[in-house]
Amino acid sequence: MTTALIIGDVQRGITGGYPFARDVVAPLTELLPRARAAGALVVFVHFAFRPNGADLPPGNALFRSFYEAGHSFHENSAGTEIDLPVAEQDVVVLKRRASAFAGTDLDLVLRAHGVDTLAVAGVATSAMVAATCYDGADRDYRVTVLRDGCADGDPAMHDFFMDAVFPSRGFEVVSCASWGFASQKTPRT
Numbered sequence: 042m043t044t045a046l047i048i049g050d051v052q053r054g055i056t057g058g059y060p061f062a063r064d065v066v067a068p069l070t071e072l073l074p075r076a077r078a079a080g081a082l083v084v085f086v087h088f089a090f091r092p093n094g095a096d097l098p099p100g101n102a103l104f105r106s107f108y109e110a111g112h113s114f115h116e117n118s119a120g121t122e123i124d125l126p127v128a129e130q131d132v133v134v135l136k137r138r139a140s141a142f143a144g145t146d147l148d149l150v151l152r153a154h155g156v157d158t159l160a161v162a163g164v165a166t167s168a169m170v171a172a173t174c175y176d177g178a179d180r181d182y183r184v185t186v187l188r189d190g191c192a193d194g195d196p197a198m199h200d201f202f203m204d205a206v207f208p209s210r211g212f213e214v215v216s217c218a219s220w221g222f223a224s225q226k227t228p229r230t
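For the record, in the sequence shown the residue sitting at position 6 is 47 according to this note's numbering, with numbers rising by one throughout.
This is the structure:
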């Protein structure tokens, strides 16, 4: 079994603009060296639109609000930089929708590394985390969610997903500190 740690949307425009998002930075920063040492593939996924808005869906008020927030969500801007320590061996994936899989090469990268198990963290629990977990499960990955590695603007929504929704889908929910790595070192080519 090989595990990937998927961390989504922990980027400067989000941690700087949405106070709840800052709560995940410390537990994830502490977790990263342990995950790497155990041989987990660390994947950071960040969210951005093209500066000209070519990938902005018409009629989507939520995405329009992100786009109109300025450079916080524009590709190659400081707001889209990962707000965690990224190591040379880590993978960084750019996404333009909620799921880390939607329109990205994430599945290709995971399969190239022989990954069959995902540990998912990031913000927001009810958006990126949920979408990525569902998408990963649909692609036959085993899914674990890192409770304190995730946060949501609505704490009750976060708890609802962690206590009811994710377990009902067969996803394991654990803390960053108690997460056990089911991974093996994978050869890098």
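The beta-carbon is built from N, C-alpha and C at its ideal position, and this holds for glycine as well.
What you are looking at is a predicted structure, and each value in this text was computed from that prediction instead of being measured.
The beta carbons of alanine 45 and leucine 187 sit no closer together than 8 Å.
Residue range 196 to 201 is occupied by the alpha helix (DSSP H) that includes histidine 199.
Note on geometry: alpha-carbon atoms of arginine 77 and glycine 221 lie some 13 Å from one another. Between isoleucine 123 and valine 51, the C-beta spacing is below 8 Å. When secondary structure is reduced to three states using DSSP, aspartate 64 falls in the helix class.
Distances from the alpha-carbon of proline 74 to those of Ala128, Ser219 and Tyr182 put Ala128 closest.
Between the alpha carbons of phenylalanine 207 and isoleucine 47 lies a gap of roughly 16 Å.
Around the beta-carbon of proline 99, fewer than 16 other beta-carbon atoms lie within 10 Å, marking it exposed. For the options Gly80, Ala139, Glu116 and Leu82, the alpha carbon positioned closest to that of glycine 94 is the one of Glu116.
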